[in-house]
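Peer 1:
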Amino acid sequence: MAARKRASAADTKPSPPPQTQETTTQIDPPIAPPKKALIFKFCLFFSIPYFYLLYQHYTIEQELRRSILINASLCVTGFFLTQRMIPVASRYVLKRGLFGFDINKKGTPQGTVKVPESLGIVVGIVFLVLAILFQYFNFTADSN
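So the sequence shown is residues 202 to 345, counted in the numbering used here.
1) Are the beta-carbon atoms of Gly-312 and Lys-306 separated by less than 8 Å?
2) Does the structure place the stretch 316 to 327 close enough to the stretch 286 to 304 that three or more beta carbon pairs sit under 8 Å?
3) Could you compute how far the alpha carbon of Thr-309 sits from the alpha carbon of Gln-284?
4) From the DSSP output, read off the bridge partner residues of Val-316.
5) Please classify Pro-317 as buried or exposed, where buried requires at least 16 other C-beta atoms within 10 Å of its C-beta.
6) Between the C-alpha atoms of Lys-237 and Ile-261, what's the straight-line distance to the nearest angstrom?
7) Buried or exposed: which applies to Val-330, given that a residue is buried once 16 or more other Cβ atoms fall within 10 Å of its Cβ?
8) Assign Gly-325 to one of three DSSP states: helix, strand, or coil.
9) By Cβ distance below 6 Å, which residues in the same chain neighbour Met-286 in space, the five residues on each side in sequence not counted?
Structure below.
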């Protein structure tokens, strides 16, 4: 069997210098800010008749009225807490690569926007915490 000889260093062509690749970092578009004025108008529009019926139109026991107000205040708190936590959670979800694309907007510039997945975990955690708090606030008066 014949042994192979290595090519001498003089025979090889010098390799071209490595090309510097321009690294382009794609900046994800920011999440649209919540429309707080519109949300406030809808909240007023629906809560004024609600409180009118609760306090004026129907005669409701004081304990039941207290429970309804606790529930309403916890719901509003949960809404604003969820609204605050979703942008924070979406950044972490996008960093982990848990995103998708809107297939209904395929072929448009909006079709390339990354949509964060599994943000329902934020809503679920807020719901769970507020349900536990509601049980605490609702039944502490009965414990005395």
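Virtual Cβ for every residue (Gly too), placed ideally from N, Cα, C. Source: prediction; values computed, not measured.
Peer 2: So, to answer that:
1) Here residue 312 refers to the residue found at position 111 when the sequence shown is read from its first residue. Here residue 306 refers to the residue found at position 105 when the sequence shown is read from its first residue. Result yes, Cβ atoms of Gly-312 and Lys-306 sit closer than 8 Å.
2) yes
3) Sequence index remark: in the sequence shown, residue 309 carries index 108 (1-based). Sequence index remark: in the sequence shown, residue 284 carries index 83 (1-based). Spanning the two alpha carbons is a distance of roughly 28 Å.
4) As a working mapping, residue 316 is identified with position 115 in the sequence shown. Its beta-bridge partners are Gly-301.
5) One-based indexing of the sequence shown puts residue 317 at position 116. It is buried - the Cβ of Pro-317 has at least 16 other Cβ atoms within 10 Å.
6) Numbered from 1 along the sequence shown, position 36 holds the residue referred to as residue 237. Numbered from 1 along the sequence shown, position 60 holds the residue referred to as residue 261. Looking at the two C-alpha atoms, the distance is approximately 32 Å.
7) Locating residue 330 in the sequence shown gives position 129, where the first residue counts as 1. So Val-330 counts as exposed.
8) The residue you call residue 325 lines up with position 124 of the sequence shown. In the structure shown, Gly-325 sits in a helix (DSSP, three-state: H, G or I).
9) Here residue 286 refers to the residue found at position 85 when the sequence shown is read from its first residue. Around Met-286: Val-323.
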